[in-house]
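K.L.:
Take a look at the following structure, please.
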Amino acid sequence: MNKRNNKNITGENTPGQPSDTNHAGILERINGVEDLRKLKGSDLDLLADDVRKYIIETISNTGGHLSSSLGVVELSIALHYTFNTPMDKIIWDVGHQAYTHKILTGRKEAFKTIRKFGGLSGFPKMSESDFDPYNVGHSSTSLSLAIGEAVGRDMKGANYKVVAVIGDGSMTAGMAFEALNQIGQLNNDIIIILNDNEHSISKNVGALSTYLTRLISGTYYNRFRRATMEFVRKIPRIGEPLYDFLYKMFSSFKGLLVPANLFRDLGLRYFGPVDGHNINELCTLFERVRKINYGPKLIHVLTQKGKGYRPAEMDPARFHGTGPFDRATGICPGGGGGETYSAIAGKTIANLACKDEKIVAITAAMKLGTGLNEFELCAPERFFDVGIAEQHAVTFAGALARTGMKPFVAIYSTFLQRAADQLIHDIGIMNLPVRFLIDRAGIVGDDGETHHGLFDIAIIKNIPNFIFLAPSDGEELRDMIHYAASHDTGPVAIRFPRGKADCGEFSYETARDFRPGRIKRLSRGKDCAIFAVGDMVHVAGEVRDILKKEGVDISVVNVLSIKPLDISGIERVIGETRCFITMENGIRSGGFGEYLLGGIDRKLCSKFLFPAAFPDEFITHGSLPDLFKLYGLDARSIAGKILKAWKRF
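Using our numbering, you'd call the opening residue of the sequence shown number 934 and step up by one each time.
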């Protein structure tokens, strides 16, 4: 491994100074961190411009996490310029802001494939590079990983730096403070970069976020301090002693205005705030802090989400995770007609809330993603964004339900995993009527293994007292939400996939009667029955059409209610057919197929051919068609397996 470049970063090599280097050629010369560290400091701002343009160009074609990545371009360059990576470990929180990190660490050309099937992951991934010490995709894990890495390092007697980069949005999660508590207690050498951009995904909320705002923590205070101190020092005779006095006064004053006291009281040495887009300041401060070989240090960095691309600066939430877009305008091309499941869920509960003042909506920093922006407009006093705090969201909802309110908790399936204990302990055991809207259930595509919602069936079906539903289209989702709003004797969970719902125009004012525990038989056939859950119902219909041409007669059953199961209805269908399969957009182990087999008469289990579900492994990233085909869950693959098995049956 090459040793770190220890060049002096002051004087003519200072980042941010003019350079006559050809701008267009800077990024072309960077194939790894060794090339980066050969650059003059004055070239680093030009490199940042090149990297930013490359990210915008690429993500406009592939889609991805744009705002957060544009905000940390200079920060990423300064980190790799100053620290001896990959020996020194940079641990990114969430990981969706690591695009510059990937480009600088030997993945520049491969970056064009980001989030594509077979290409780079959209998040740090150990199997991709030695520069990615951990796989990260969920919020607020970096501090726990960093202190674990530092303790292991010190136990082995190794000598390298551990740097955790965590956003201010991630500091709304309890896990971050659990880690900070131990970091301050253990006192290991660790560096924390607090990236303060005043946003998580939706705009930050809560008292702590307010405490970390830029108004308090930097701009005006530091401007006033700098101007005053420069003036005082020039006063003849009394300038120096007065300077010393004011320095001490400002230090005390700073403790009242910036979060230094908060972190200092937790046992961390505080530095900053520093302009996260000034590479000169970043490198100078990182170099100074790097040489402090004891105790935990926190560097407070101020950045702008979406920096350098006007549409993302103006609307960072929309460009947090975006599909392909027109670079000139920032406009995403139309995705066809029809509403998304998320939009239908949001509009339905907003409509209900206008009529029922007991209805409350809760999200964990995902207001736009879960469609709750409509609810906030309708009933702002009954809308709660708790920040990135899924555990708190669930327990908070439980207490609201106990008081007689009707809480709806809208959380992505992958993030609800973080609150499994609360689902059991704070909702299930007390049988509290909380309504869960489980968005992005099943495969989500390009974000990959950390974001697929494959485990909610395996978790929730095993929790007593829960009713668990799965619509196959938007109208069924509306009906289930209306049912949940009227159900007050226990918790209800509704899982639905990412993307457009297969339905035409319908009214949000009324709903069809829905009752859990009843199947819907969509076609009758004597040869094979398919019991499908949620979005797999439409795939089952395609399977039926394919097999019809082969002379195989298929019954397609829309299960609708995972729990309770319509056991008598299911047994009746199986009794009328030669064999059957199950289909679900979830994990096979512990999933719906196993649940059905455990509930029906054991004599009927001999008719079971196979479960169509995802295997017991973590599923890679890629488009939905690619992933379904890869795992044999597309209609043609399933039809082929049925035909092969049926002929032997």
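Cβ atoms here follow ideal geometry from the backbone N, Cα and C, with glycine treated the same way.
On the three-pair Cβ rule with 8 Å, is the region 1456-1466 touching the region 1498-1517?
P.N.:
yes
K.L.:
Measuring only the C-alpha atoms, how far is I1292 from A1106?
P.N.:
Near 25 Å, if we compare the C-alpha coordinates of A1106 and I1292.
K.L.:
Look at the alpha carbon of V1476 and the alpha carbon of E1550, and state the distance between them as a whole number of angstroms.
P.N.:
25 Å
K.L.:
What's the C-alpha gap between S1440 and D1259?
P.N.:
34 Å
K.L.:
Determine the closest residue to D1380 out of T1046, G1361, N1491, with distance taken between C-alpha atoms.
P.N.:
T1046
K.L.:
Compare the beta carbon distance of P1366 and D1421 with 9 Å and say whether it is the shorter of the two.
P.N.:
yes
K.L.:
Can you tell me whether R1411 is buried or exposed? The criterion is at least 16 other CB atoms within 10 Å of its CB, across all chains shown.
P.N.:
Under this definition R1411 is a buried residue.
K.L.:
Can you tell me whether S1346 is helix, strand or coil according to DSSP?
P.N.:
helix
K.L.:
Looking at the structure shown, is K1577 part of a helix, part of a strand, or coil, going by DSSP?
P.N.:
helix
K.L.:
By DSSP, does R1373 sit in helix, in strand, or in coil?
P.N.:
coil
K.L.:
Can you have a look at L977 and say buried or exposed, based on whether 16 or more other CB atoms are within 10 angstroms of its CB?
P.N.:
buried
K.L.:
In whole angstroms, give me the CA-to-CA distance for E1633 and K1022.
P.N.:
In the structure displayed, the chain extends from 934 to 1582; residue 1633 sits before or after that span and is not available.
K.L.:
Taking only runs of the alpha helix (DSSP H) that begin and end inside the region 970-1039, which ones reach a length of at least 4 residues, in chain order?
P.N.:
977-995, 1000-1003, 1006-1015, 1032-1037
K.L.:
Exposed or buried, what is P1497 when buried is set at 16 or more other beta-carbons lying within 10 Å of its beta-carbon?
P.N.:
By the neighbour-count rule (16 or more Cβ atoms within 10 Å), P1497 is not buried but exposed.
K.L.:
Does the Cβ-Cβ distance between H1589 and S1570 come in under 9 Å?
P.N.:
Outside the shown range of the chain (934 to 1582) lies residue 1589, about which nothing can therefore be said.
K.L.:
If you drop the 5 nearest sequence neighbours on each side, which residues of the same chain put their C-beta closer than 7 Å to that of K1238?
P.N.:
S1000, S1001, G1004, N1130, H1132, P1249
K.L.:
Going by the DSSP bridge assignment, what does G1386 pair with across the sheet?
P.N.:
G1375
K.L.:
Rounded to whole angstroms, what's the CA-CA distance from R1431 to V1377? Just pull it up for me.
P.N.:
6 Å
K.L.:
Given 8 Å as the limit, is there contact between the region 1344-1359 and the region 1475-1493, that is, 3 or more CB pairs closer than that?
P.N.:
no
K.L.:
Using a 10 Å radius around the Cβ and a threshold of 16 neighbouring Cβ atoms, would you call G1151 buried or exposed?
P.N.:
Confidence in G1151 is poor, its pLDDT being 40 and thus under 50, which makes the residue's placement too unreliable to answer from.
K.L.:
Would you grab the beta carbon distance between Q1355 and F1388 for me? Rounded to a whole angstrom, and I think it's under 8 Å.
P.N.:
The Cβ separation is near 16 Å, so there is no contact.
K.L.:
Between which two residues does the alpha helix (DSSP H) carrying E1438 extend?
P.N.:
Element bounds for E1438: n/a, residue is neither H nor E.
K.L.:
From H1210 to N964, what distance separates their C-alpha atoms?
P.N.:
So the two alpha carbons sit approximately 23 Å from each other.
K.L.:
Take the Cβ of N1092 as the centre, count every other Cβ of all protein chains shown within 10 Å, and call the residue buried at 16 or more, exposed below.
P.N.:
exposed
K.L.:
Just reading off the alpha helix (DSSP H) that G904 is part of, what are its end residues?
P.N.:
Nothing can be reported for residue 904, as the shown portion of the chain is limited to 934 through 1582.
K.L.:
Indicate the three-state DSSP secondary structure (helix, strand or coil) for H1233 in the structure shown.
P.N.:
strand
K.L.:
Is the number of C-beta pairs between the region 1388-1404 and the region 1523-1540 that are closer than 8 Å three or more?
P.N.:
yes
K.L.:
Give me the Cα-Cα distance between T1033 and R1428, rounded to the nearest whole angstrom.
P.N.:
Looking at the two C-alpha atoms, the distance is approximately 35 Å.
K.L.:
Within the continuous beta strand (DSSP E) that includes V1095, where are the two ends?
P.N.:
1095-1100
K.L.:
State yes or no: is the C-beta of L1566 within less than 9 Å of the C-beta of L1480?
P.N.:
no
K.L.:
Assign I1571 to one of three DSSP states: helix, strand, or coil.
P.N.:
helix
K.L.:
Let me confirm a value: M1247 is counted as buried when at least 16 other C-beta atoms fall within 10 Å, else exposed. Which label applies?
P.N.:
exposed
K.L.:
So, T1015 versus E1214, is the Cβ gap smaller than 9 Å?
P.N.:
no
K.L.:
Tell whether a beta-carbon distance below 9 Å holds between T1347 and T1383.
P.N.:
yes
K.L.:
Hey, out of P1449, G1205, R1315, whose CA is closest to A1283's CA?
P.N.:
R1315
K.L.:
Measure the alpha-carbon distance for G1573 versus G1055 and round it to whole angstroms.
P.N.:
33 Å
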